[in-house]
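*Asks:*
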Amino acid sequence: MYPEWSGEFGDVFLVQARGLKASDPQDTSVLMAKSLVHSKDDEALHEFKREIDLFCKLDHAHVVKMIGICRDGDPHYLLLEYTDWGDLKQFLLATRKDSKDKSGSGKPRVRSLSTSQAVTMAYQVALGLEHISDKRLIHKDIAARNCLISSDLSVKISLSGLSKDTYQKEYYKYRW
C-alpha cells in the first residue's frame, strides 16, 4: 500500500470500507485514511487527538467529514470522507483554457468552469469557513490546495491539523 499524499504527521492512503451505508451493508465506499506516523510520540498523539476533537465539532456539507478512527495497532488512522477530484488548486489548473492537464494528476482534462460554477465554488468555501468560524475555530492555512473537490463540483475544506480554537487565548495574532 503506497500513500497518495505525505505530510508532516503522517501519510494519507485511499482505502475501501464495506458496510458504511445502513441501506446497503455490502456497499463499498472509498475513504482517505490519514496515518499517525509516530503514535508513540506524546506530542504527535496529542495533535492526533486534537484533530479528532476538531473534526467532531464540525459537521457541514463543505467541510471534509470524519468517518471514524482506527486505534488498533500501530499506526493509528483517521478515516475521512474521500473527494474524487483531488484538491481545488489542481482542479483549477486542469480547467484552465490553455491547459493540457498541467496538473499532472493523470485525470482527463475537464471543461473550463463557467463564471457561475466558479462563483458557486467560492460560495461553498465561504459557507465552510463560516461554519468553522461559528464553531470558534480559525483555519490557519486556507488555500486552494486545502480545499477538496468531488465530481459533482462540491468543494469541501480540509482541516488536516490546520485549525485552532480561537478562544484558548483572548486574542489571535494577525500578520500582514
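So the sequence shown is residues 1 to 176, counted in full-length UniProt numbering.
All C-beta atoms in this analysis are idealised placements derived from N, C-alpha and C, irrespective of residue type, glycine included.
None of these values were measured; they are calculated from a predicted model.
1. How do the region 21-31 and the region 51-64 stand: do at least 3 beta-carbon pairs fall below 8 Å, yes or no?
2. Report the three-state DSSP secondary structure of residue 26 (helix, strand or coil).
3. DSSP on residue 64, reduced to helix/strand/coil?
4. Cα separation between residue 21 and residue 44?
5. Let me know if residue 161 comes out buried or exposed under the rule of 16 or more other beta-carbons within 10 Å of its beta-carbon.
6. Can you tell me whether residue 117 is buried or exposed, with buried defined as 16 or more other CB within 10 angstroms of its CB?
7. Give me the residue from 70, 54 and 134 with the minimum Cα distance to residue 64.
8. What does a CB cutoff of less than 7 Å around residue 34 pick up in its chain, not counting 5 residues either side in sequence?
9. Alpha carbon to alpha carbon, how far is residue 52 from residue 70? Give it in angstroms, no decimals.
10. How big is the Cα-Cα spacing for residue 154 and residue 114?
11. Does the beta carbon of residue 82 sit closer than 8 Å to a beta carbon anywhere in chain E?
12. Leaving aside the five residues before and after residue 150 along the sequence, list all residues of the same chain whose C-beta is less than 7 Å from its C-beta, in chain order.
13. Beta-carbon separation of residue 157 and residue 138 under 8 Å?
14. What is the C-beta distance between residue 119 and residue 147, in whole angstroms, given that I count them as a contact (C-beta under 8 Å)?
*Replies:* Based on what the coordinates show:
1. Too few Cβ pairs lie closer than 8 Å, so no.
2. Reduced to three states, the DSSP call for residue 26 is coil.
3. It is coil, neither helix nor strand.
4. Their backbone Cα atoms lie some 32 Å apart in a straight line.
5. Its pLDDT being 47, under 50, residue 161 is placed unreliably in this model, and the value from its coordinates should be taken loosely. Counting the other Cβ atoms within 10 Å of the Cβ of residue 161 gives 16 or more, which makes it buried.
6. Exposed is the call here.
7. Comparing Cα positions, the closest option is 54.
8. Setting aside the 5 residues that flank it on each side, residue 34 is surrounded in the same chain by 10, 12, 77, 78 and 80, each with a C-beta closer than 7 Å to its C-beta; the list follows chain order.
9. Going by the C-alpha atoms only, they are around 11 Å apart.
10. Between residue 154 and residue 114, the C-alpha separation is close to 15 Å.
11. Of the chains in the structure shown, none is chain E; there is only one protein chain.
12. Closer than 7 Å at Cβ, skipping near neighbours: 83, 84 and 85.
13. The answer is no: Cβ separation not under 8 Å.
14. The pair is not a contact, with the Cβ atoms about 15 Å apart (cut-off 8 Å).
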